[in-house]
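Here the sequence shown stands for residues 0 to 198, where the numbers follow numbering that gives the first Met the number 0. Cβ atoms here follow ideal geometry from the backbone N, Cα and C, with glycine treated the same way. One structure below.
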Amino acid sequence: MSRALIALGVLVIVVVVVGVSVARTYNRLVTLDQAVQSQWAQVETAYQRRADLIPNLVATVKGAANFEKSTYVAVAEARSRVGQLSTGSSTPNDAAAFAKFTSAQDSLSSALSRLLVVVERYPDLKASQNFADLQAQLEGTENRISVERMRFNDAAQAFNTTRDSFPTVFVAGLFGTRFNEKIYFQAQPGAATAPAVKL
């Protein structure tokens, strides 16, 4: 009888230790997941700031005589595509949604770059204080986006490292897609190629 009680006591202790270990691991994953979600919100906020600046920038550029209409139309269309995206806290867990988000944002970045290159041909527009202010705000926003993306990648790395560690990977697997690996922001395609300089 005493051996049965000892075996039962050992079994209860093992179950309690395993239960506490699983609970701690789960709570750690939740904490790291929330850090990723918080940083994702910061990324979205920075992108929203850029999207909010664009109508003023386009309106200022439209005022320039003979300005290429196709350029600001492309910016407006790219902004519209970004505005139609429905993102949320699940985007960092969903490769397809993340790719769609980054593709739309990269498209907008490309259209804005083309707009700023075309503006170089209009000294009066470049000299305008309103345009200069908007351009400075846009440059500051682009820097914020870069910083927030870097911070998001740091949070995603911390989550993924913990999630893929032993024995956490088994605990994460118990909860289905709840603790999927987070996706990283990467450079735009062609970013490694230096732009051609024409003199």
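- How is Q83 classed by DSSP in three states: helix, strand or coil? helix
- Give a yes or no on whether the minimum CB-CB distance between V11 and chain B is below 8 Å. Given the protein chain composition of this structure (a single chain), no chain B is represented.
- Task: For the alpha helix (DSSP H) holding S145, just list the boundary residues, first then last.
- Result: 128 to 162
- Identify, in the order they occur along the chain, each residue of the same chain with its Cβ nearer than 7 Å to the Cβ of A3, setting aside the five sequence neighbours on each side. Answer for A3: no residue qualifies.
- Candidates N92, F151, E119: which alpha carbon is nearest G175's? N92
- Note the first and the last residue of the continuous alpha helix (DSSP H) segment covering A186. Element bounds for A186: n/a, residue is neither H nor E.
- Item | Beta-carbon proximity check, V21 vs F158, cutoff 8 Å | no
- Item | I5 classed as buried or exposed, judged by whether at least 16 other C-beta atoms fall within 10 angstroms | By the neighbour-count rule (16 or more Cβ atoms within 10 Å), I5 is not buried but exposed.
- Query: Based on Cα-Cα distance, which residue from V17, P166, R162 lies nearest to K181?
  - Reply: Comparing alpha carbon positions, the residue from V17, P166, R162 closest to K181 is R162.
- Item | Alpha-carbon to alpha-carbon, A96 and W39 | 13 Å
- Over the uninterrupted alpha helix (DSSP H) stretch that includes F178, give me the two end residues. For F178, no alpha helix (DSSP H) run applies, since DSSP gives it neither H nor E.
- Message: Measuring only the C-alpha atoms, how far is G82 from L173?
- Response: 36 Å
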